[in-house]
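A short write-up of the structure that comes next.
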Amino acid sequence: MLGLSYWFLPLFAGCVWLGTLLAMLGRWLALGSPHYSSFHATQHITYISDIGATSWGKPLFITGSAVAVVTFDLAFISERWLRHTGRLTPNYNVSEIILSAFATLFAVVGAAGLILLTIFDTVHYPHVHDAMLVVFIAGYIISAIFICAEYQRLGIRYRGENILAASFWIKLAFIFVELALAIAFGVMSDKAHYNRAAVLEWTISLIYIFYIWSFIIDFLPATRTRHKGDRYAPPLRKQDDEMAMGTQTEGNMMGGPVYSSGGTYPDQGVNGAADHGNTGASRNF
């Protein structure tokens with residue numbers, strides 16, 4: 015059974031963000047789609063920021079955004095901890111840990127950008143608001159780039175983990191789609207096509223929900239590794255790997271087959287956590 019586990023963090027964050035957007039849009043429609051002072055002359059479709067600058071929309075925008083991104087950032091921190099403890103496929107080297115740290119850092123930057131743009135609304139602080147919008151979008155796109163780089167390296171070490179590959183491609187698609195939409199949003203705004211820009215802003219925000227939810231699959235393996243005996247083997251140590259390779263070479267020179275554990279620890283079973291499909295950097299059979 016899946017149970018209530020770490021996957022609940024991205025699920026909850028995405029649902030909060032979706033609920034916030036639907037509540038804002040629904041309330042605006044229920045009021046008869048009013049034309050706010052922040053609207054441009056030819057604009058009749060509201061931006062999220064236009065609603066977020068109203069007396070009723072601002073508290074909702076601030077609260078929903080803060081809860082969503084803080085919970086989402088907790089998912090990043092949890093993912094790092096789960097890899098460290100073997101609940102998820104552990105990082106093989108320092109470079110992967112650095113990539114994970116940068117992914118978390120830029121996620122925090124993106125979260126700060128979203129919270130600040132809700133506080134500094136488009137009516138009273140237009141320039142600060144626009145700057146924080148850029149920080150929000152750029153922060154999460156850069157974070158996704160670092161995640162993809164980390165997962166690409168993890169996928170080489172753990173070829174049997176299909177979840178890593180699926181998550182990598184989903185997040186890579188997010189990078190290209192959101193980047194293209196962000197550029198289109200900027201172009202439409204610059205050319206005064208405000209209704210098209212408003213539609214693009216809503217689209218960007220909705221796609222962000224699916225990016226949050228993509229982390230659900232990242233946490234699914236942790237539902238099977240609650241007990242220490244079910245966790246992933248520690249990363250292969252370089253000296254053990256070299257010893258295993260040397261044993262194999264010497265054995266083959268004598269003309270006989272060689273079977274080795276590939277440098278894993280004795281208490282990890284044959285070839286580490288084989289039940290997880292963990293393919294280490296060097297397995298010798």
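Quick note: the working numbering has the sequence shown finishing at residue 299, numbered continuously throughout. Glycine included, every Cβ here is placed at the ideal spot set by N, Cα and C.
Please report how far the alpha carbon of residue i lies from the alpha carbon of residue j, in whole angstroms.
| i | j | result |
| --- | --- | --- |
| residue 120 | residue 129 | 14 Å |
| residue 70 | residue 109 | 46 Å |
| residue 145 | residue 96 | 34 Å |
| residue 122 | residue 93 | 14 Å |
| residue 183 | residue 222 | 15 Å |
| residue 159 | residue 220 | 19 Å |
| residue 168 | residue 105 | 7 Å |
| residue 157 | residue 91 | 13 Å |
| residue 179 | residue 189 | 16 Å |
| residue 177 | residue 84 | 25 Å |
| residue 155 | residue 216 | 17 Å |
| residue 134 | residue 117 | 26 Å |
| residue 48 | residue 193 | 31 Å |
| residue 82 | residue 25 | 10 Å |
| residue 107 | residue 208 | 48 Å |
Have a look at the options and flag the residue whose alpha-carbon is nearest the alpha-carbon of residue i.
| i | options | result |
| --- | --- | --- |
| residue 149 | 125, 139, 44 and 105 | 125 |
| residue 147 | 229, 19, 74 and 79 | 79 |
| residue 39 | 86, 75 and 113 | 75 |
| residue 246 | 107, 172 and 218 | 172 |
| residue 235 | 211, 117, 99 and 157 | 99 |
| residue 195 | 240, 214 and 90 | 214 |
| residue 161 | 143, 186 and 29 | 186 |
| residue 63 | 51, 55 and 56 | 51 |
| residue 46 | 54, 35 and 58 | 58 |
| residue 241 | 61, 107, 101 and 88 | 101 |
| residue 165 | 73, 206 and 103 | 103 |
| residue 33 | 77, 67 and 54 | 77 |
| residue 29 | 209, 224, 216 and 134 | 224 |
| residue 131 | 72, 206 and 112 | 72 |
| residue 41 | 60, 88 and 237 | 60 |
Where does residue i fall in DSSP's three states?
| i | result |
| --- | --- |
| residue 176 | helix |
| residue 54 | coil |
| residue 47 | coil |
| residue 67 | coil |
| residue 130 | helix |
| residue 105 | coil |
| residue 20 | coil |
| residue 1 | Nothing can be reported for residue 1: it is not among the residues displayed for the chain, which extend from 15 to 299. |
| residue 274 | Confidence in residue 274 is poor, its pLDDT being 44 and thus under 50, which makes the residue's placement too unreliable to answer from. |
| residue 217 | helix |
| residue 87 | helix |
| residue 137 | coil |
| residue 207 | coil |
| residue 124 | helix |
| residue 241 | coil |
| residue 118 | helix |
| residue 165 | helix |
| residue 60 | coil |
| residue 99 | coil |
| residue 315 | The structure shown does not extend to residue 315, since the chain is modelled only from 15 through 299, so no value can be given for it. |
| residue 154 | helix |
| residue 246 | coil |
Legend entry - Three CB pairs or more closer than 8 Å across the segment 20-32 and the segment 226-233: Yes, the segment 20-32 touches the segment 226-233.
Inset, instruction - Answer yes if the segment 151-161 comes into contact with the segment 192-207, meaning at least three C-beta pairs across the two stretches below 8 Å, and no otherwise. - result: With the cut-off at 8 Å, the segment 192-207 and the segment 151-161 touch.
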